[in-house]
Amino acid sequence: AQSVAQPEDQVNVAEGNPLTVKCTYSVSGNPYLFWYVQYPNRGLQFLLKYITGDNLVKGSYGFEAEFNKSQTSFHLKKPSALVSDSALYFCAVRDSGNNYQLIWGAGTKLIIKP
Amino acid sequence: DTGVSQDPRHKITKRGQNVTFRCDPISEHNRLYWYRQTLGQGPEFLTYFQNEAQLEKSRLLSDRFSAERPKGSFSTLEIQRTEQGDSAMYLCASSLGGARSEAFFGQGTRLTVV
């Protein structure tokens, strides 16, 4: 069965420190992986995706994510957190053999403290 | 603004009433999705259009829900005989064709059934 796990409901980081938001997945075929961010009462905003190629993907607002096939993970990272990064982060996966269906994680609330 | 737009942003209705939401996708996108999101949860897939054809509908969607996308442009989502359990954020997203394409989301319509 296809699934996405975000094992942490909440991540707390001090401003200026590096942050990591974890995501692991399970699909039968090759994964296409996506990260989205959601601010309060807003829709989801696309951050970055992994399709193929370089395992380190760079995206918007200084975020990057590392695809690890052996660990079936796609963790979101940022070298230096900003208070404005505080939001809800969602990981999603699409099986390359499935043309449209996105499987979503439950989300991780990221809190950056000044 | 060339993003996905949804109308209205907020809707309060009495139980038993019908409501209709509109979504205008990014103009060159042929795919359109409707999702439902409750507080603290990831998006839940409702239905998917490719151009004007509704290709998939979630089994979780009751017969009270219907969606259309006439002429493959804007889409409407109607909920008949609303129930309190329908209270949620309804998100619309659009994308180009192909499994590699990311979806772009509107800001959502927040429905409250009283």
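Chains as they are written, first to last, in the numbering used here: chain A, 146 to 259; chain B, 895 to 1008.
For every residue, glycine included, the Cβ atom is placed at its ideal position computed from N, Cα and C.
Cβ pair residue i, residue j closer than 8 angstroms
{"i": "glycine 204 (chain A)", "j": "glycine 936 (chain B)", "result": "no"}
{"i": "valine 166 (chain A)", "j": "tyrosine 234 (chain A)", "result": "yes"}
{"i": "alanine 993 (chain B)", "j": "tyrosine 927 (chain B)", "result": "no"}
{"i": "lysine 223 (chain A)", "j": "glycine 207 (chain A)", "result": "yes"}
{"i": "serine 969 (chain B)", "j": "alanine 961 (chain B)", "result": "yes"}
{"i": "proline 152 (chain A)", "j": "valine 238 (chain A)", "result": "no"}
{"i": "valine 202 (chain A)", "j": "lysine 214 (chain A)", "result": "no"}
Opening and closing residue of the beta strand (DSSP E) in which residue i lies
{"i": "serine 231 (chain A)", "result": "No beta strand (DSSP E) holds serine 231 (chain A); DSSP gives it neither H nor E."}
{"i": "asparagine 186 (chain A)", "result": "No beta strand (DSSP E) holds asparagine 186 (chain A); DSSP gives it neither H nor E."}
{"i": "glutamine 978 (chain B)", "result": "Where glutamine 978 (chain B) is concerned, there is no enclosing beta strand (DSSP E), given that its DSSP letter is neither H nor E."}
{"i": "arginine 1004 (chain B)", "result": "1003 to 1007"}
{"i": "histidine 904 (chain B)", "result": "904 to 907"}
{"i": "cysteine 917 (chain B)", "result": "913 to 918"}
{"i": "leucine 201 (chain A)", "result": "201 to 203"}
{"i": "asparagine 244 (chain A)", "result": "It is not in any beta strand (DSSP E) - asparagine 244 (chain A) carries neither H nor E in the DSSP assignment."}
{"i": "arginine 953 (chain B)", "result": "Premise fails: arginine 953 (chain B) is in no beta strand (DSSP E) and is neither H nor E."}
{"i": "threonine 896 (chain B)", "result": "Taken as a continuous stretch (DSSP letters only), threonine 896 (chain B) belongs to no beta strand (DSSP E), as it is neither H nor E."}
{"i": "histidine 220 (chain A)", "result": "218 to 223"}
{"i": "serine 960 (chain B)", "result": "959 to 962"}
{"i": "phenylalanine 212 (chain A)", "result": "209 to 213"}
Own chain residues within Cβ distance below 7 angstroms of residue i, not counting five before or after
{"i": "threonine 217 (chain A)", "result": "Thr169, Tyr170, Ser171"}
{"i": "glutamine 911 (chain B)", "result": "Thr976"}
{"i": "glycine 161 (chain A)", "result": "Ser225, Ala226"}
{"i": "glutamine 1001 (chain B)", "result": "Gln900, Arg903"}
{"i": "asparagine 157 (chain A)", "result": "Ile256, Lys258"}
{"i": "lysine 908 (chain B)", "result": "Val1008"}
{"i": "glutamine 978 (chain B)", "result": "Arg909, Val1007"}
Buried/exposed call for residue i, threshold 16 Cβ in 10 Å
{"i": "alanine 226 (chain A)", "result": "buried"}
{"i": "valine 1008 (chain B)", "result": "exposed"}
{"i": "glycine 188 (chain A)", "result": "buried"}
{"i": "threonine 896 (chain B)", "result": "exposed"}
{"i": "arginine 963 (chain B)", "result": "buried"}
{"i": "tyrosine 245 (chain A)", "result": "buried"}
{"i": "aspartate 240 (chain A)", "result": "buried"}
{"i": "leucine 954 (chain B)", "result": "exposed"}
{"i": "proline 919 (chain B)", "result": "buried"}
Residue nearest to residue i in terms of C-alpha spacing, selected from the options
{"i": "alanine 997 (chain B)", "options": "A:Ser229, A:Lys167, A:Leu178", "result": "A:Leu178"}
{"i": "arginine 1004 (chain B)", "options": "B:Gln931, B:Arg994, B:Met983, B:Gly992", "result": "B:Met983"}
{"i": "serine 956 (chain B)", "options": "B:Pro964, B:Arg963, B:Thr976", "result": "B:Thr976"}
{"i": "threonine 253 (chain A)", "options": "A:Ser241, A:His220, A:Gln246", "result": "A:His220"}
{"i": "isoleucine 196 (chain A)", "options": "A:Gln183, A:Gly174, A:Val156, A:Leu164", "result": "A:Gly174"}
{"i": "asparagine 945 (chain B)", "options": "B:Gln1001, B:Thr907, B:Phe915, B:Ser921", "result": "B:Ser921"}
{"i": "serine 981 (chain B)", "options": "B:Pro902, B:Gly897, B:Gln931, B:Thr914", "result": "B:Gln931"}
{"i": "tyrosine 181 (chain A)", "options": "A:Pro259, A:Ala210, A:Asn243", "result": "A:Ala210"}
{"i": "leucine 933 (chain B)", "options": "B:Arg963, B:Leu985, B:Arg916, B:Tyr942", "result": "B:Leu985"}
{"i": "proline 185 (chain A)", "options": "A:Pro163, A:Ser229, A:Asn243", "result": "A:Ser229"}
Residues near residue i in its chain [Cβ-Cβ closer than 8 angstroms; skip 5 each side]
{"i": "serine 231 (chain A)", "result": "Leu255, Ile256, Ile257"}
{"i": "asparagine 924 (chain B)", "result": "Gln944, Asn945, Gly966, Leu990, Gly991"}
{"i": "alanine 146 (chain A)", "result": "Ser171"}
{"i": "glutamine 183 (chain A)", "result": "Leu189, Gln190, Ala232, Leu233, Tyr234, Phe235, Gly252"}
Nonlocal neighbours in the same chain, by C-beta distance under 6 angstroms from residue i, ignoring five residues either side
{"i": "glutamine 974 (chain B)", "result": "Asn912, Arg958"}
{"i": "threonine 914 (chain B)", "result": "Thr970, Glu972"}
{"i": "tyrosine 942 (chain B)", "result": "Tyr927, Leu949, Glu950"}
{"i": "isoleucine 248 (chain A)", "result": "Gln147, Val149, Val238"}
{"i": "threonine 1006 (chain B)", "result": "Ile906, Ser981"}
{"i": "proline 163 (chain A)", "result": "Pro224"}
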